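This report refers to the structure that appears directly beneath it.
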Amino acid sequence: MVLLTERDRLRQSLAELAERYGKQRSSLLPILQEIQRQHYHISDYAMQVVADLLGIHPVEVFAVVSFYSFLDFKPKGRFIIRVCRTMCCHMQGKDRVARQLETDLGIGFGETTPDGRFTLEWANCIGMCDLGPALLVNDRVYTQVTPNEVHHIIEECRKVFGVHATQGQEV
Amino acid sequence: MIKSFVQKKLTFREIDPEKGLRAAMDLSPEAVIDCISDSGLKGRGGAGFPTGAKWKFCRAAKGEQKYVVCNADEGEPGTFKDRVILTRFPHLVFAGMTIAARAVGATRGIVYLRGEYTYLLGGLKKALQERRDDGRLGPAVLGGDQEFDIEIRMGSGAYVCGEETALIESLEGHRGESRNRPPFTADTGMNADPTVVNNVETFAWAACILDKGPDWFRVVGTDHSVGFKLFSVSGDIDRPGVYELPLGTTVQELLEAVGGENAKAVVIGGAAGRCVGQGEFDRKVCYEDVPTGGAVIVFGPGRDMLEVAENFLEFMCEESCGQCTPCRVGNPKLLECVRMLKDGNCSASYLREIVALGESIHAASKCGLGQSSGNVFLSIVEHFREEIMGRAVGSV
Amino acid sequence: MADKIQVDGGKTRAPKSMRRSRPEVHLDTEHPVTVTIDGLETEVPFGTTILEAARKQGVKIPTLCFHEDLCVAGVCRVCLVEVTGHSILHAACAYPITEPIEIFTNTPRVRRARSHMIDLLLSEHLGECYSCWRNNNCELQKLAQEYGVRRYRFGHVSERSEPVDRSSYSVTRDMDKCVLCRRCVRTCIDLQEVGVLEALYRGHDTKIGTFLDKPLGEVVCINCGQCINRCPTGALRARDPVEEIWTAIDDPTKHVVMQTAPSPRAGLGECFELEPGTPVTRQLNTALRRCGFDRVFDTNFTADLTIIEEGTELILRLYKALVEKDASAALPQFTSCSPGWVKYLEHFYPDFIPNLSSAKSPQQMFGSLIKTFYAEKNGIDPKDIVSVALMPCTAKKYECNRPEMCDSGYKDVDYGLTTREMGRMIHQAGIDLPSMPDSDFDDPFGTATGSGVIFGATGGVMEAALRTVLELVTGKLVENFYDHCDITPIRGFEGVRLAEITIDEVGPVPEIIAHLVPDWNWLKGATLKVGVAHGTANAKLVLEDIKAGGPFSECHFIEFMACPGGCLGGGGQPIPTSPEIRKKRAEAIYAEDAGSKVRKSHENPAVLGVYEQFLTDGPCGEVSHRLLHTHYTERGKYIV
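So the protein sequences, as listed, match chains A, B and C.
Each residue of the first sequence is one higher than the one before, starting from 1 at the first, in our numbering.
Each residue of the second sequence is one higher than the one before, starting from 1 at the first, in our numbering.
Each residue of the third sequence is one higher than the one before, starting from 1 at the first, in our numbering.
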């Protein structure tokens with residue numbers, strides 16, 4: 001019997017990623033994006049393993065992760081909701097959508113729900129200026145969002161967790 | 001499906017992307033470059049560098065491997081036309097990239113797609129596969145001697161990566177920090193190899209020009225800005241969306257086309273652009289007058305211009321790469337000044353100092369982001385002095 | 001004796017840091033370009049930067065992020081100039097001249113923009129100049145003065161936003177004083193390739209930090225202090241023991257002894273406005289006594305001892321490998337006197353720990369001897385001894401705090417003091433160092449040799465070792481092979497060097513090690529291969545070469561120094577540093593060697609005396625192993 005720790009497993013999967021994208025520095029972003037996609041953040045340990053695999057320093061990986069808005073080194077929710085706050089969406093009423101999100105999720109911007117399901121963040125212009133207010137839920141774009149629609153968007157996400165998977169307090 | 005309004009009459013709808021590609025493959029690389037140079041096409045991303053000249057430099061540069069990079073990191077607030085092009089006319093863009101590859105002798109193409117547009121990835125990959133399947137990409141494009149393939153690389157949420165050297169840094173796995181120039185990317189770009197970086201729209205127009213010829217393109221425009229250009233128009237107007245207009249169109253004409261006649265101000269060029277007030281609506285949108293990558297944001301009579309300046313400066317403070325002093329430290333000073341103005345406690349002499357600082361930020365910054373970061377603020381201070389001075393606390 | 005020394009130059013990395021991904025226009029001396037600077041026309045090679053071209057013309061352009069040792073960053077934007085026809089200004093340090101251009105360095109627009117840059121930097125800099133250790137030696141302060149800053153136009157920071165990071169034994173970081181010039185980043189990643197510091201986050205939140213923004217004491221920092229030497233402000237400094245040392249001096253019950261290493265003596269003059277490379281060894285002895293140190297010893301004494309111990313260890317390893325055919329003898333043997341290098345190896349190449357000589361560094365050997373041999377001989381209770389080491393090094397502060405460095409039963413060395421801190425102590429004591437009369441070191445460790453002195457320069461340990469080994473093995477004088485026993489081919493600043501010496505003839509085994517090897521016949525005809533590397537980027541190169549089975553894997557002995565130039569370029573040396581300054585310090589060191597009465601470690605009568613009186617079972621014997629040798633820790637590079 002082989003005992004694999006969480007770290008062993010992570011190391012293995014990262015080694016496979018490095019194999020797939022290549023071990024040159026230019027593979028760093030694709031690898032980090034893939035880790036982010038799978039784990040919703042890039043852990044301290046993962047950054048060190050990636051650095052090792054690509055032959056660079058962990059601080060360089062951290063510098064890159066901390067640079068890009070869509071890469072996180074702190075654990076984030078299963079769904080990251082990013083509300084565009086740039087001028088066009090602002091003019092089209094992003095504040096009310098944002099307020100409703102805060103109320104429905106019970107968290108402020110920059111926070112994650114205690115059950116680890118939702119993170120609420122601001123985004124700079126997401127390119128939907130003609131169709132504001134707009135927001136991103138992970139990769140998915142929602143345009144012309146009204147405060148009333150916020151509830152449906154959240155419910156749609158919750159379906160992923162199933163009816164019985166609900167843990168902790170529903171907000 | 002994101003449904004943006006798109007003007008009915010659109011050149012891209014009428015063009016068969018493959019005709020331009022075939023024409024290019026039958027021409028010598030030099031002839032392709034001449035065709036683009038003759039057309040007068042300039043970069044549609046905003047900087048307006050002559051495309052033909054860029055390709056020529058890259059062709060002449062020594063390097064085993066050359067790259068064609070499509071800048072699809074459309075991050076400028078107020079612009080979304082590249083999204084529309086990539087959604088509706090991906091083949092036009094890929095054909096344009098292949099034509100560029102032919103012209104400069106590149107074998108590798110990269111589309112740097114902003115992370116916010118991840119939802120487009122599936123469609124783009126499918127289009128690329130179609131092209132590979134029927135030989136429009138691959139070891140022998142259209143059965144000829146040109147090898148070329150395109151991969152898509154994703155951005156991760158950084159506006160500055162729309163700056164071409166920052167984009168290359170990002171592709172190479174670094175922080176998106178702009179490089180010193182010279183050397184220029186056409187000579188020393190991706191992996192220090194010669195690299196052509198062009199905007200999505202530029203490639204699309206290149207494909208059109210190869211099909212219709214350089215003279216077709218030149219029929220509209222001004223002396224230094226020829227051809228049509230796509231505009232992303234949003235804000236206080238009746239019909240936000242994508243419009244195709246000739247370069248040299250006046251702001252007033254543009255406003256009429258989009259239903260924004262009662263505008264008080266227009267920001268052209270996004271957060272890096274400038275604010276045009278009513279008195280200047282006769283100015284022309286073109287490289288030599290009011291340049292833009294296509295972003296047009298219209299503000300109605302009720303809008304507070306300080307709020308506009310504040311929003312864009314907040315954007316710049318966050319999206320600056322943080323590398324050079326003027327952009328990293330200067331922009332927060334401008335932002336602070338806007339907030340002082342909002343509170344009515346910015347003295348006229350301090351405002352004068354800050355305007356001078358804004359000019360230094362423009363002159364001293366390392367890359368285009370920093371150089372243009374204060375533009376909106378400076379033009380608002382210039383045109384809306386009466387509106388922004390002497391506010392009472394809490395009057396907004 | 002046939003000897004062949006080759007310098008392998010092709011692989012060298014240092015001293016100029018490079019970043020391959022940030023391409024630069026390469027200098028092409030074949031093609032001159034015409035350039036006009038402030039109306040004066042001149043020709044420069046294609047690719048010359050505006051800054052270099054202006055300097056050649058005697059035009060001074062202010063700089064901040066630019067540093068001679070480092071690759072160009074072009075981020076502070078202080079060196080702005082105007083180029084005719086260009087709408088924006090250019091950073092002179094980052095703009096290579098590739099076509100004829102006309103440059104103006106002193107226009108109203110340039111002056112205004114430069115002063116704006118300085119104003120902006122000052123607006124975010126905790127400007128507490130009086131209490132700052134860089135007061136009067138701060139590049140930002142100097143710029144502010146030159147540009148006539150009379151008020152803080154865009155605000156001023158007077159309150160701390162984050163505490164000073166004092167977690168490291170060697171380097172403290174005060175990020176409120178950081179101006180983000182990124183010299184430390186380029187030093188750490190490009191020049192030294194240690195990779196502890198990088199720019200983190202972005203925009204206005206950008207800061208310089210470590211992995212996970214952890215305190216320096218918790219990351220893989222090797223304490224080399226090269227970042228301090230290049231920091232333009234007071235953001236980085238060495239951990240300062242000066243007050244504690246004064247307290248010890250002022251305490252009549254304490255017996256405060258000082259040992260001084262060779263490099264500070266070649267650098268300290270710079271703290272007193274002397275030209276770099278002005279040796280102050282004997283004036284310093286006087287100054288130290290006037291400061292109140294009870295005894296002043298010469299670290300070169302234990303450098304000589306190191307040669308005997310480390311040399312014997314090498315002979316034992318060679319014997320084990322060549323005669324006994326025992327594969328466990330780890331070769332090549334690596335020197336262990338540079339604590340930055342030792343920690344680098346422990347973190348990044350722990351597999352090579354067996355190759356490290358177990359001999360302590362001269363500083364630590366001295367520490368052990370002072371609190372045992374010296375204490376006993378002079379009837380002083382070792383608990384009353386405070387042992388201070390004047391070093392060019394910040395890593396020495398960490399080294400003396402290693403838990404294993406207590407073989408005397410006490411902390412062997414209490415304080416590592418840098419050259420800069422020494423300068424300040426002397427200033428505080430009101431002593432004008434240059435006008436001090438000469439005086440000698442104290443006995444019983446008063447005699448040292450030229451071999452000990454050259455430990456301060458890259459290649460010095462190897463040269464000292466070769467002087468001794470050649471004589472011990474061949475029984476002939478080194479002077480027979482090298483004039484004045486200057487083994488010059490091993491000298492210089494080439495990043496890595498490789499040398500081979502074939503031993504054609506052997507002599508009798510000298511008495512001091514006669515009990516360890518029966519004869520030298522096994523070395524007859526052997527080719528001794530040695531290597532030298534300085535700067536950890538070069539150390540890394542050599543280690544990778546060994547791993548790949550390259551020429552360095554065939555070496556028997558390799559000298560490694562963490563700092564570019566060796567100890568004379570150490571992180572505790574006076575600021576600024578440059579290739580030119582390091583060269584002058586090296587000249588001072590080699591001059592002191594040339595002027596020494598005794599040039600070879602094994603001829604040092606005081607060293608032989610210690611073996612007779614104290615280390616009676618000889619080099620690498622039981623006593624010596626207990627007091628003069630140490631062990632290492634596999635640290636690895638993972639910190640979480």
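All C-beta atoms, glycine included, are put in the ideal place defined by N, C-alpha and C.
Computed from a predicted model, the values in this text were never measured in an experiment.
| Asked | Found |
| --- | --- |
| Residue range of the alpha helix (DSSP H) that includes Ser373/B | 368 to 373 |
| Anticipated Cβ contact below 8 angstroms, Cys58/B with Val104/B, distance rounded | 4 angstroms |
| Beta carbon proximity, Ser373/B to chain C, threshold 8 angstroms | no |
| The stretch 131 to 145 of chain A touching the stretch 78 to 94 of chain A, judged by at least three CB pairs closer than 8 angstroms | yes |
| Residue ranges of each beta strand (DSSP E) within the stretch 111 to 164 of chain B, 3 or longer | 149 to 154 |
| Alpha carbon of Ile388/B to alpha carbon of Leu306/B, nearest angstrom | 7 angstroms |
| Contact belief for Ile639/C with Val219/C at Cβ below 8 angstroms, rounded distance in angstroms | 6 angstroms |
| Proximity below 8 angstroms, CB of Ser178/B to CB of Ala186/B | no |
| Whether Ile80/A touches Asn138/A by CB criterion (8 angstroms) | yes |
| Contact set between Tyr68/A and chain B, taken where Cβ atoms lie within less than 7 angstroms | Ser156, Gly157, Ala158 |
| Short-range partners of chain A found in the stretch 109 to 135 of chain B, where Cβ spacing is below 8 angstroms | Arg114, Gly115, Glu116, Tyr117, Thr118, Tyr119 |
| Per-residue burial, Met1/B [other beta carbons within 10 Å of its own, 16 or more giving buried] | exposed |
| Contact between the stretch 142 to 159 of chain A and the stretch 93 to 107 of chain A (3+ Cβ pairs under 8 angstroms) | yes |
| Within-8 angstroms CB hit, Gly74/C to chain B | yes |
| Ser360/B at chain C interface by Cβ criterion, 8 angstroms | yes |
| Backbone CA spacing between Ala63/A and Arg585/C [nearest angstrom] | 37 angstroms |
| Counted within 10 angstroms of its Cβ, other Cβ atoms place Lys377/C as buried (16 or more) or exposed | exposed |
| Among Arg186/C, Asp205/C, Ala537/C, the one whose alpha carbon lies nearest that of Arg230/C | Arg186/C |
| Expected contact under 8 angstroms - CB spacing of Lys54/B and Val196/B to nearest Å | 6 angstroms |
| Under 7 angstroms by beta carbon: chain C residues contacting Val308/B | The contacting residues do not exist; Val308/B stays about 20 angstroms from chain C at best. |
| Interface flag, Ile546/C vs chain A, CB-CB below 8 angstroms | no |
| 9 angstroms Cβ cut-off: residues of chain B touching Ile61/C | Neighbours of Ile61/C on chain B: none; closest Cβ ~14 angstroms, over 9 angstroms. |
| Interface residues of chain A facing Glu198/C [CB-CB closer than 8 angstroms] | His57, Val59, Glu60, Phe62, Ala63 |
| Reduced DSSP category for Met182/A - H, G, I as helix; E, B as strand; rest coil | Here chain A covers residues 1 to 171 and nothing more, so residue 182/A does not appear. |
| Residues that Leu245/B bridges to, as DSSP identifies them | Lys229/B |
| Any C-beta of chain B under 8 angstroms from that of His90/A | yes |
| Interface residues of the stretch 106 to 130 of chain A facing chain B [CB-CB below 8 angstroms] | Ala123, Asn124, Cys125, Ile126, Gly127, Met128, Cys129, Asp130 |
| Identified DSSP bridge partners for Glu82/C | Phe104/C |
| Cutoff 8 angstroms: Ser13/A Cβ touching any chain B Cβ | no |
| Closest Cα partner of Asn223/C within the set Glu603/C, Gly572/C, His625/C, Pro619/C | Gly572/C |
| Which of helix, strand or coil DSSP assigns to Asn604/C | coil |
| Chain C contact for Cys317/B (CB, 8 angstroms cutoff) | yes |
| Where Val517/C sits in the DSSP three-state scheme | coil |
| For Ile209/B: DSSP bridge partner residues | Beta-bridge pairing links Ile209/B to no other residue. |
| Minimum Cβ-Cβ distance from His164/A to chain C less than 8 angstroms | Residue placement at His164/A cannot be trusted, given a pLDDT of 46 that sits under 50; what the coordinates show is reported in the next sentence. Answer no: the Cβ-Cβ gap between His164/A and chain C never drops below 8 angstroms. |
| Residue range of the alpha helix (DSSP H) that includes Phe217/B | 214 to 218 |
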